[in-house]
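If you want our numbering, it's the position in the sequence shown, counting the first as 1, plus 1318.
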Amino acid sequence: MRNEARKQLSRNPWAKDPELIPELVQAGYDNASVNEGVWNTLYIMEKLSDEQLSAHQDLLLGYLDWMSQRGYGSSTMKRVGDLQARIGGNTW
């Protein structure tokens, strides 16, 4: 069910809402200890266009830098690094 919800979210027209990224980042900060929430937040961000991500570069780089210091597992950290690279940040 979660996989289907993520797929629907990434295909939904409101996924282009300019407030989506700030909302995802805030939810990520608020729920940093919920592993599935971290994973789902990264999944959705990965599905967004480079243009959408770049529009929130400073916000995202701060969030991804913060995540890189949280001690998540290697697969999560790879995803963080890949997103950082997409928006021009330093990878961990």
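The beta carbon of each residue, even a glycine, is placed where N, CA and C say it ideally should be.
Would DSSP call residue i helix, strand or coil?
i: Ile1362; result: helix
i: Ser1393; result: helix
i: Glu1341; result: helix
i: Ser1386; result: helix
i: Gly1399; result: helix
i: Asp1376; result: helix
i: Asp1348; result: helix
Can you check which of these residues, the options, is closest to residue i by C-alpha distance?
i: Leu1382; options: Lys1334, Leu1338, Pro1336, Ala1350; result: Ala1350
i: Glu1322; options: Leu1378, Tyr1361, Leu1379; result: Tyr1361
i: Met1363; options: Arg1388, Ser1392, Leu1379; result: Leu1379
i: Glu1337; options: Gln1370, Gly1391, Ile1405; result: Gln1370
i: Gly1389; options: Leu1342, Glu1341, Asn1353, Val1343; result: Asn1353
Who are the near neighbours of residue i in its chain, counting only those whose CB is closer than 8 Å to its CB and skipping five residues on each side?
i: Ala1345; result: Gly1355, Thr1359
i: Asp1335; result: none
Rounded to whole angstroms, what's the CA-CA distance from residue i to residue j? Just pull it up for me.
i: Leu1366; j: Ala1333; result: 8 Å
i: Tyr1347; j: His1374; result: 16 Å
i: Ile1339; j: Ser1392; result: 23 Å
i: Leu1377; j: Leu1342; result: 11 Å
Quick one: residues in its chain with C-beta nearer than 6 Å to the C-beta of residue i, no 5 flanking neighbours on either side, listed in chain order?
i: Arg1397; result: Leu1360
What does a CB cutoff of less than 7 Å around residue i pick up in its chain, not counting 5 residues either side in sequence?
i: Asp1368; result: Arg1404
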